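Student: Residue numbers (my numbering): 10 to 499.
Before we start, here is the structure in question, set down as structure tokens.
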Amino acid sequence: MKNDYRQSSSELREKNLHGLLCRHLSDKMCCYLLKYYLIRLYLQRRGHPISRIKVLRCMLCGIGIIILLEFFGAFVHIFEVTYDDNFVYPYEGNVHEFVNALRRNEKPEVKPINEYKYAFTLKQPQKCKENADSTFRIVYIVKSAIKNFDRRTAIRNSWGIEKRFFDVPTRTIFVVGMHPYDQEVEAKLKQEAGIYNDIVQADFVDSYYNNTIKTMMSFKWLVKYCLNSKFYMFVDDDMYVSVKNVATFIRNPANYPFYLMESRKIYSAHKREIKQSDLMDHNDINFNNKNKTYDLKIKMSFKKNSTIHKFTNNNSRRNNMHEKQEQLNENRKMENEHLLKLSNTSMSTRTKRQLFDFELPDDIRLFAGFVFTRSAPHRHKFSKWYVTLKEYPYHLWPPYVTAGAYILSKEALLDLYYTSFYTKHFRFDDIFLGLVAKKADIVPFHCEEFHFYKKAYTKHSYTYVITSHGYGDSNELLQIWNEQKALGNA
């Protein structure tokens, strides 16, 4: 077991508290005392009769205000660097050539700056190799806390069932870290892994601030043992997932769920028309909507000043940065027009089966989920997500997908994995992947049906939901999933 474990959350919190107290009790105390005597001297010379107690009260109030302002990060924000004009993040340079070399198993010109060299203690190398020709539509990677035995059981009995649909081959993998100080938990995990053969474990401490390590070790395992799938979905173990809607989404992400709504209207119209023509001769039945066209648009809800996200493709890279960006934008525009044209032009003339047969190209780089485009770092001291200027000096994050649930195509997985070798480690996994995606020129794709918060539940409000956060209660997950399955939505 490695000794260079990352800091635990309690250690980081202790360190922040110690630094804050030391800074205010030592570095600034002399300054406050000097101000006290200067103010008192000034007031005395002006002829103001003022006692030491009053001056001390004023000083204490001032000190309290300063401490509060610093606690909430007011002073830190002053020194933030503008993201839009100045963003760079180590490694500071174009990494595409190095990534391509790594993908070809060649030695890159510049040595990687960030490799997660942890060892797998539970590998499951045969999980994705049922036979020589095994291929999967989608592989689910569940980032699970080692102690969450009940959640893993509930997932295996609900959305993690690998043979949910006979024509959509899938695999479900649970990735965990280690609990070095609780041998009972470790023994129980080994027993669970022996029964189900679906747990991958690496030798890092399983904690919140090590989620980036867990994510990248998941990438590492997939690249090594499970590259025979077209899509990969990363999910936390407290998520509701509709595997039916996942399968539908990856058919046509640009129009999900609107093309389903339109198709239902089409077939409802067909059904009504057939019913009205029951008294007519069979040969006189005329489906009037045969020549209809539908202008389906990508409806994405973003915050103010947000950008529209599109698919990206490997062929959009150029050596010159200015020319590369122009070409990249043009390719993205053409790709989206092509995708929309494919999905929209024949929408009214397809059969019900054909509506689900739209297929993304194999080289598409899809990174989809709930996207934040103009999110700012937390600067108040005791936030769970507190970030110092040294860690990240900019006033905004790059666009990123929330880590609770996201989908990657195989091409995106490979490019993100190898680009991470040239991206400085960051302890929040969603931010880290956002940084990696920016370096890889992959623009995150937003879909409202990946619910960042827990979506209020009714029987018919989850028809198009892909994921919803907040299902840590295993019994609740099973109840909701079984009800949605009965309704044909899961």
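Ideal Cβ positions, reconstructed from N, Cα and C, are used throughout, including at glycine.
These numbers were taken from a predicted model, which means no experiment stands behind them.
1) What's the call for S470, buried or exposed, on a 16-neighbour Cβ count within 10 Å?
2) Apart from the five residues on each side of it in sequence, which residues of its chain come closer than 8 Å, Cβ to Cβ, to Y480?
3) What does a CB cutoff of less than 7 Å around P121 pick up in its chain, not counting 5 residues either side in sequence?
4) Since T411 contacts D439 with CB under 8 Å, what's their CB separation in whole angstroms?
5) Compare the beta carbon distance of I451 and F376 with 8 Å and say whether it is the shorter of the two.
6) Using 8 Å as the threshold, is the C-beta distance between S153 and V194 below it?
7) Helix, strand or coil for Y473? Go by DSSP, reduced to three states.
8) In the DSSP output, what is S418 paired with across the bridge?
9) State yes or no: is the C-beta of Q133 within less than 8 Å of the C-beta of N206?
10) Compare the Cα-Cα distances from E124 to each of L405, Y427, I208 and T472 and report the closest residue.
11) Buried or exposed: N261, going by 16 or more other Cβ atoms within 10 Å of its Cβ?
12) Let me check understanding here. Comparing Cα to Cα, which of A202, F243, I164 and I76 lies closest to G378?
13) Applying the 10 Å Cβ sphere with the 16-neighbour rule, what's the burial state of D304?
14) So the candidates are V85, E368, E457 and K390; which of them puts its Cα closest to the Cα of Y415?
15) Do you know offhand how far M404's Cα is from V97's?
16) Taking DSSP as the reference, what is the three-state secondary structure of D215?
17) Please check if any C-beta of chain C sits within less than 8 Å of the C-beta of N109.
18) When the Cα of W406 is compared with those of F145, F88, D93 and V209, which residue comes out closest?
19) Please check the pair G186 and K156, which I expect to be a contact at CB under 8 Å, by giving their CB distance rounded to whole angstroms.
20) Taking the straight line between their C-alpha atoms, what separation do you get for Y190 and V151?
21) Quick one: measure Cβ to Cβ for T221 and R436, integer angstroms, because I've assumed they're closer than 8 Å.
22) Got a sec, what are the start and stop residues for the beta strand (DSSP E) F183 sits in?
23) Check H387 in the structure and name its three-state DSSP category.
24) In whole angstroms, what separates the C-alpha of R112 from that of V104?
25) Taking the alpha carbon of D215 as the reference point, which residue from Y127, V119 and A256 has its own alpha carbon closest?
26) Over the uninterrupted alpha helix (DSSP H) stretch that includes G443, give me the two end residues.
27) Is it buried or exposed for D176, if we count other Cβ within 10 angstroms and need 16 for buried?
28) With F129 and V209 assumed to form a contact (beta carbons below 8 Å), what rounded beta-carbon distance in angstroms separates them?
29) On the premise that Y241 lies in contact with V148, defined as a C-beta separation below 8 Å, what is that separation, rounded to the nearest angstrom?
30) If you measure between the beta carbons of T181 and R146, is that distance less than 8 Å?
31) Where does R374 fall in DSSP's three states?
32) With a cut-off of 8 Å on the beta carbons, I'd call P402 and V90 a contact; round off their distance for me.
33) By how many angstroms is the C-alpha of K390 removed from the C-alpha of T476?
34) From F441 to H434, what does the alpha carbon distance come to, in whole angstroms?
35) By Cβ distance below 6 Å, which residues in the same chain neighbour R165 in space, the five residues on each side in sequence not counted?
36) Based on the DSSP output, what are the partners of F454 in its beta bridges?
Tutor: Working from what's here:
1) exposed
2) D247, M248, Y249, K463, L486 and I489
3) F430 and Y431
4) 6 Å
5) yes
6) no
7) coil
8) F240
9) yes
10) Y427
11) buried
12) F243
13) Interpretation of D304 is limited by its pLDDT of 30, a score under 50 that renders its predicted location unreliable; no figure is taken from the coordinates.
14) E457
15) It is His, not Met, that sits at residue 404 in the sequence shown. Straight-line Cα distance between these residues: approximately 13 Å.
16) coil
17) The structure shown contains no chain C; it is built from a single protein chain.
18) D93
19) Actually they do not touch by this definition, with Cβ atoms about 11 Å apart.
20) 23 Å
21) 6 Å
22) T179 to M187
23) strand
24) 12 Å
25) Y127
26) D438 to K448
27) exposed
28) 7 Å
29) 5 Å
30) no
31) strand
32) 5 Å
33) 32 Å
34) 7 Å
35) none
36) A377
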